[in-house]
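Structure, as structure tokens:
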Amino acid sequence: MSRKLLGALGWFGLVALLSPGQAYAMHIMEGFLPAPHAILWAIVTLPFLVAGLRSIQNTVKEAPHLKMLLGLAGAFVFVLSALKLPSVTGSCSHPTGVGLGTILFRPAAMSVLGIIVLFFQAVLLAHGGLTTLGANTFSMAVVGPFVSYGLYKGSCRLGAPLAVAVFLAAALGDLATYVTTSAQLALAFPAQTGGFWESFVKFNAIFAVTQVPLAIGEGLLTVVVFNLLSVYSRGELRDLSIPVREVRA
Amino acid sequence: MIHIDQYAYANRLRAVHPGEKLAFAAITAGICLASPSLIGQLAILMTMAAATVAIVGIPWRFYLKLMLVPAAFLLAGIVTVAVSFSSQPDPGLHGIDLWGFAVGIRDRDFVVASSLVARSLGTVSCLYFLSLSTPMVEIIGVLKRCRVPAVLVELMTIIYRFIFVLMETTRQIHTAQVSRLGYHSLSASYRDLGQLTSCLFHRSMLKSQMLFVTLSSRCYSGEIRVLEPRRRLSLRRGLLIGGIDAVLLAVALATRGWQRW
Amino acid sequence: MVGPILEVVDVHFAYPDGTQALAGMSLTIERGSKVVFLGPNGAGKTTLFLQLNGILRPSQGVVRFDGNDLRYDRRSLMELRKNVGIVFQDPDSQIFSASVLQDISFGPFNLGMSEEEVRGRVQGALAAVGIESIADRPTHFLSLGQKKRVAIAGVLAMEPQVIIFDEPTSSLDPKTAKQLLILLDDISRDGKTVVISTHDVDIAYSWADRVYVLESGRVADAGTPQEIFLDEAMLERVDLTQPWIVDVWRELRDNGYLPPNALLPRTKSALLALIRSRLCHSFRITDLVSERAAINERG
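Chains as they are written, first to last, in our numbering: chain D, 143 to 391; chain L, 142 to 402; chain X, 8 to 306.
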């Protein structure tokens, strides 16, 4: 058996060497979730998607330009998530765009844009998957945006500086997404002895290596971006009804 | 940048009805996901890989590289599933002793992990068959026919189109920055990437206003209706898909009891 | 049918940010004519075009189509936009779908046509602009010239009476620009009124029936190309140069190579023909002498 273990470890090592050193936001890959879990998460996500679509449909009637605005917003979030975050370690990671997207376009719109962006990432970039689309949408386009938006609004109301609010929204939105994904994986693969919690801790620990630096990096980037936007894109921010205040990073 | 998209428009199955390709990928992925058998999943992986390389006409080197895209996630995922810790010596744990912890793999977890690898890669091969053989516009067309809400389909159409426009914009801004010594240090990188992002946002919003104007001048009034390309459904190919999937299903069912090692 | 198809009468317009884009502009576009608008950026060309198509509404003054004042309710606007199409400068702001077929079919569907009719219109438009061979390719793999053609087909498919082109040749290489001008001629020959804006005085001079020069939201001058480009004082005032044909013709005439009453040619080939005929004229005597010599030799 130990020879089998050695063999397995050797194989892991080989894969690690071959794998491209890129850390995307944590999307559950195609086929990783068992069928019942895949279906369950799709069902859980559905009401949020329907609510998001409803709110868009209602607004489009009065403001037909909203369709073009959301279309460009979706393309913006997709391209944003394909950018490379500068990192200290030399490894390469990509922002999720959840924090910035949510503050700019609201959580309801983000649930719709999120599922489309995830769909395109799966088909065009082989990143994430279609059978895991429900689970990934739930973590990235439902939990992430709601946490981001809640933190943003909450900290603004508590009088925190805008930079802090934006950083918290972006960084903790990312962390919330990754913790949710870990929970989804732990539910699907509970440990034999420790059950869900042992597995949850294991998944959190192993993915923290890439996801915690990513969250901090994305938080910083979002503050820089927001600062620039509040100087150069006041008009657009006002149209999206975001309070225009100078951010001090 | 997006090579998958290029193959989707230039492959040997381009003229085939997208519904057939989508059905083949979806049914096979369904069998793979529900399959109780590792052999069945490996059979699906082999069949789909062979179909994608030999029939769709994707160079095998590119296909192998694509297969490695999810490797990092897969590796981290199966290590997490397979490796267990225990504070007491555990005879069921095959592995080593690390500072008083037993670290290793249990028999059952090894089986779970290995079937997880086969299932994931098998389903991935189904996704790749679809994405390398079918242009996104046609996939969206099938979704429309499957009664996906119109708003969602319209947004997908616009987003897909403008992904490429904005990527080109991004490339231009990035070149302009690098040619003036952008991104030369970590703090500069954050500043420059921030500039790029805010510039991209600004241009996206301008583009959306312009798009509204240009579409309004073509009588847009809230709804986007478009033609779909005409493709012929083929009974012969339908039967072939049914046949292949029936065989794969049979293999999966016949080998369900073989996982005893 | 002759007579004005579009009239702009003393139109004023300011953008919400306060920029006065049109300041009492008046002009008339004749049915079936080829009209060029010249003028620096910010002179009001694009704003004018958006007025002609009812996207923008004058704050003062009126726009008329076919003799009737524009009305800005939904149905009237649909009717107007069906008849006055605009091809915008940047096809990446106009083409909304990755599929050529889908993009071209958008306008005809908005006119309430059936799928079969739309298919016919799309095929017709593809053939008219000569891009049947790329109809299957996604728009993000097309060159700028090809994308411009897709944008034109999207407007042609609606079969408007007037087509307005906002800087159709900008950023195109010379060959593609030339092919595009030929396409504009084809469209004009089909009986459509074609309106373009450009910075290229050579194109304006050779191509137009009538030229409008715009300056800070007003018409600075209007007339036939010959009238416009012989008015040196006006051209200097609005920072426009002379077309090279006019330059060369004037140089030849002022130095006695052409008679003072020589007509101003419109095109390069007309100018060359004129020069050649003058060369023949001055050498005619020597030609006769050498011809006589040749006959003598043979005899």
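We put the CB at the ideal spot given by N, CA and C, even for glycine. Every value quoted in this text rests on a predicted model; they were computed, and no experiment measured them.
Does the CB of residue i have a neighbour CB from chain D at under 7 angstroms?
i	result
residue 331 of chain L	yes
residue 203 of chain L	no
residue 222 of chain L	yes
residue 175 of chain L	yes
residue 188 of chain L	no
residue 343 of chain L	yes
residue 238 of chain L	no
residue 339 of chain L	yes
residue 355 of chain L	no
Compare the Cα-Cα distances from residue i to each of the options and report the closest residue.
i	options	result
residue 351 of chain D	D:306, D:334 and D:320	D:320
residue 378 of chain D	L:341, L:365 and L:291	L:341
residue 227 of chain L	L:295, L:217, L:221 and L:239	L:239
residue 138 of chain X	X:194, X:160, X:127 and X:170	X:160
residue 356 of chain D	D:235, D:276 and D:371	D:235
residue 280 of chain X	X:252, X:197, X:175 and X:261	X:252
residue 179 of chain L	L:375, L:345 and L:260	L:260
residue 347 of chain D	D:272, D:335, D:323 and D:361	D:323
residue 101 of chain X	L:370, L:357 and L:386	L:357
residue 163 of chain L	L:149, L:175 and L:176	L:149
residue 233 of chain X	X:180, X:222 and X:213	X:213
residue 344 of chain L	L:195, L:299 and L:314	L:314
residue 22 of chain X	X:63, X:10 and X:50	X:63
residue 335 of chain D	L:224, L:199 and L:365	L:224
residue 14 of chain X	X:50, X:47, X:130 and X:56	X:56
residue 233 of chain L	L:251, L:382 and L:221	L:251
Hey, residue i and residue j are a contact pair by Cβ (cut 8 angstroms); roughly how many whole angstroms apart?
i	j	result
residue 229 of chain X	residue 245 of chain X	Not quite, the Cβ-Cβ distance comes to about 12 angstroms (not below 8 angstroms), so this is no contact.
residue 173 of chain X	residue 26 of chain X	Their Cβ separation, rounded to whole angstroms, is 18 angstroms, which puts residue 173 of chain X and residue 26 of chain X out of contact at 8 angstroms.
residue 348 of chain L	residue 303 of chain L	7 angstroms
residue 168 of chain D	residue 349 of chain D	6 angstroms
residue 114 of chain X	residue 164 of chain X	6 angstroms
residue 194 of chain D	residue 244 of chain D	So it is not a contact: roughly 12 angstroms between Cβ atoms.
residue 280 of chain L	residue 159 of chain L	6 angstroms
residue 69 of chain X	residue 76 of chain X	5 angstroms
Looking at the C-beta of residue i, does it have a partner C-beta in chain L at a distance below 7 angstroms?
i	result
residue 198 of chain D	yes
residue 291 of chain X	With a pLDDT of 49 at residue 291 of chain X, under the threshold of 50, the modelled position of this residue cannot be trusted; read the value that follows with caution. Residue 291 of chain X does not count as touching chain L.
residue 114 of chain X	yes
residue 206 of chain D	yes
residue 58 of chain X	no
residue 311 of chain D	no
residue 286 of chain D	no
residue 378 of chain D	yes
residue 322 of chain D	no
residue 88 of chain X	yes
residue 338 of chain D	no
residue 3 of chain X	Residue 3 of chain X falls outside the range modelled here, since chain X spans only 8 to 306, and no answer is possible.
residue 48 of chain X	no
residue 120 of chain X	no
Can you tell me which residues form a DSSP beta bridge with residue i?
i	result
residue 27 of chain X	X:21
residue 68 of chain X	Residue 68 of chain X is not bridged to any residue.
residue 145 of chain X	X:106
residue 36 of chain X	X:13
residue 185 of chain L	Answer is none; residue 185 of chain L lacks a bridge partner.
residue 243 of chain L	L:227 and L:238
residue 92 of chain X	X:170
residue 337 of chain D	D:333
residue 302 of chain D	Answer is none; residue 302 of chain D lacks a bridge partner.
residue 354 of chain D	Note: residue 354 of chain D sits in no beta bridge, so no partner.
residue 200 of chain X	X:169
residue 219 of chain X	X:44 and X:229
residue 75 of chain X	X:72
Counting contacts by CB-CB distance shorter than 7 angstroms, is residue i in contact with chain X?
i	result
residue 288 of chain L	no
residue 274 of chain L	no
residue 144 of chain L	no
residue 150 of chain L	yes
residue 305 of chain L	yes
residue 299 of chain L	yes
Applying a beta-carbon distance threshold of less than 7 angstroms, which residues of chain B neighbour residue i?
i	result
residue 348 of chain L	No chain B is part of this structure, whose protein chains are labelled D, L and X.
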